[in-house]
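Just so you know, we're using this note's numbering here: the sequence shown kicks off at 78 and counts up by one.
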Amino acid sequence: MKALIPEPKSRFFEVKCKDCGNKQIVFSHAASIVKCKVCGKELAKPTGGKAKLFAEILNTF
Numbered sequence: 078m079k080a081l082i083p084e085p086k087s088r089f090f091e092v093k094c095k096d097c098g099n100k101q102i103v104f105s106h107a108a109s110i111v112k113c114k115v116c117g118k119e120l121a122k123p124t125g126g127k128a129k130l131f132a133e134i135l136n137t138f
């Protein structure tokens, strides 16, 4: 029997910028544009639900 404990569908991702290699934490359902702190490249863009990621996912939290 499956437990009836609710779990969120959102996650935090550790992503790596494709341009400069900077590692950064990004929310899976980001509501605003997330840019790299080092080079300023766009890492995530909101889509009304889950954010579209433009970086390599390294880890999930």
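The beta carbon of each residue, even a glycine, is placed where N, CA and C say it ideally should be.
Compute the Euclidean distance between the alpha carbons of ILE102 and LEU81, then round it to the nearest angstrom. Each residue's alpha carbon lies about 30 Å from the other.
* Helix, strand or coil for LEU81, going by three-state DSSP, please let me know. => Here DSSP, grouped into helix, strand and coil, assigns LEU81 to coil.
Task: Three-way DSSP call (helix, strand, coil) for ALA121 in this model - done: Here ALA121 sits in strand by DSSP.
When DSSP labels each residue in this structure, what does ASN99 get in the three-state scheme?
ASN99 falls in the coil class under three-state DSSP.
For this session: Select from GLU133, ALA107, ARG88 and ASN136 the residue whose C-alpha is nearest the C-alpha of GLY126.
Result: Measuring from the Cα of GLY126, the nearest candidate turns out to be ALA107.
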